[in-house]
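Numbers 33 to 195, taken from my numbering, label the letters of the sequence shown in order. See below for the structure under consideration.
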Amino acid sequence: VGCAYLIEFFIAWYGGVEAEQAYFWNRVFGQWWWAAWIMLTCNMILPLSLFSQKLRRNPTWLWILSIFINIGMWFERFVIVVPSLSHEFEPWQWTTYAPTWVDYSILLGSFGWFFMWFLLFVRQFPVIAISETKEIVPPRVRKEHAHTPADAEDFEPQTGRAH
């Protein structure tokens with residue numbers, strides 16, 4: 033992703049189109065500078081920590097890094113949409129973007145939509161740790177026990193136990 037950002041900035045600079053250069057300059061140093069720098073930090077700088085073998089093999093760090101990358105990707109969408117809405121190329125259209133109740137409703141609805149599908153999925157396919165599934169499997173199916181046909185007759189499918 034970092035290479036794509038650098039290529040995007042290079043094309044704006046090398047193309048020589050002043051409006052394009054002003055847009056990218058405004059993106060990084062203008063009104064929305066904080067969002068652009070969060071995006072660049074989360075998507076370019078923090079992933080460089082994966083060059084360290086110690087951090088690359090640490091599951092906790094990988095989980096934290098994945099959260100930061102998701103935050104950075106969200107800010108990428110923010111940086112694409114919001115500055116372009118608030119800073120048009122005609123000077124009489126330059127205003128500060130202020131979200132309305134519709135924008136907040138769409139944001140809240142999209143989170144609700146995601147969590148609805150997530151919870152329906154978890155309801156249909158419960159989240160169970162692999163280490164706990166051995167206790168659920170009936171004894172006659174477990175591979176570590178050699179059962180005789182007599183054991184199979186004593187198996188109660190309702191309780192999952194042999195008597």
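Where a beta carbon is used, it is the ideal one built from N, C-alpha and C, also for glycine.
Here Ile77 carries a helix assignment [DSSP, helix/strand/coil]. Residues of the same chain with a CB within less than 8 Å of the CB of Thr128, apart from the 5 flanking positions on each side, are Gln63, Ser118 in chain order. Of all C-beta pairs linking the segment 42-51 to the segment 64-81, fewer than three are shorter than 8 Å, placing the two stretches out of contact.
Counting along the chain, no alpha helix (DSSP H) covers Ala130, and no H or E run does either.
Assigned with DSSP and collapsed to three states, Gly62 falls in coil, not helix or strand. Distance between Leu87 and Leu94, taken at the CA atoms: about 8 Å. Taking the Cα positions, Gly104 is about 20 Å away from Leu140. Across the set Ala67, Leu80, Gly144, Asp135, the C-alpha of Ala67 shows the shortest separation from the C-alpha of Phe107.
Exclusion of the five residues before and after Val159 leaves no residue of its chain whose Cβ lies closer than 6 Å to its Cβ.
For Val114, the enclosing alpha helix (DSSP H) has its first and last residue at 91-118. Counted as a single uninterrupted DSSP element, the alpha helix (DSSP H) harbouring Gly34 occupies residues 34-47. In the three-state reduction of the DSSP assignment, Val159 falls in the coil class, being assigned neither a helical nor a strand state. A straight-line Cα-Cα distance of about 19 Å links Gln53 and Gly34.
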